[in-house]
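In my numbering, the protein residues as written are 72 to 202.
Every residue gets a Cβ at the ideal spot worked out from N, C-alpha and C, and that includes glycine.
These numbers come from a predicted model, not from an experiment.
Have a look at the structure below before the remarks.
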Amino acid sequence: MDACPKELWIVDDCALTRKVVQVHGHRGGFACRTFGDPESMMNALGTGPWFEGRPGVILVDSEMPGTCGTEVVGRIRQSGFAGLVYMHTATIFPELVRRAVASGANGVIAKSQWGEKFASLRSAMRGLAAG
């Protein structure tokens with residue numbers, strides 16, 4: 072049995088981006104659930120407990136109307152969610168990475184690297200689950 076978290080939640084205001092990330096997530100071995108805004112994701116997330124590692128990973132866009140990714144990541148962490156949370160952005164720069172990590176993100180993924188990052192993330196999560 073695969074103890075690795077299987078569900079990837081994608082939070083992005085752009086429908087095309089959500090679809091592209093979902094395709095890459097499926098190729099990386101994840102079941103995907105998409106959200107067009109942070110509020111719908113937070114409502115679905117609730118306050119836990121999270122069973123069977125679902126969601127295992129939440130991917131948050133760095134910029135959305137009315138909010139920024141670091142605020143959303145902070146809210147996710149304040150809810151008590153202890154799974155993996157990554158921000159994704161078109162361009163990675165050091166200050167964004169610092170802000171993302173300070174807000175509770177596990178890292179930042181460039182939008183141009185989804186495919187390779189999801190496959191390696193899934194592999195790393197399997198290793199962690201195996202102990």
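Task: Under 7 Å between C-beta atoms of Ser150 and Gly140 - done: no
Open item on the list: Quick check: what's the CA-CA separation for Glu166 versus Asp84?
Closed with: 22 Å
- [ ] To the nearest angstrom, report how far apart Thr105 and Gln93 are at their CA atoms.
- [x] 8 Å
- [ ] Only counting runs of 3 or more residues, tell me where the beta strand (DSSP E) segments fall wholly within the segment 138-166, in order along the chain.
- [x] 155-160
TODO: Would you mind stating whether Val156 and Val172 have Cβ atoms separated by less than 7 Å?
DONE: no
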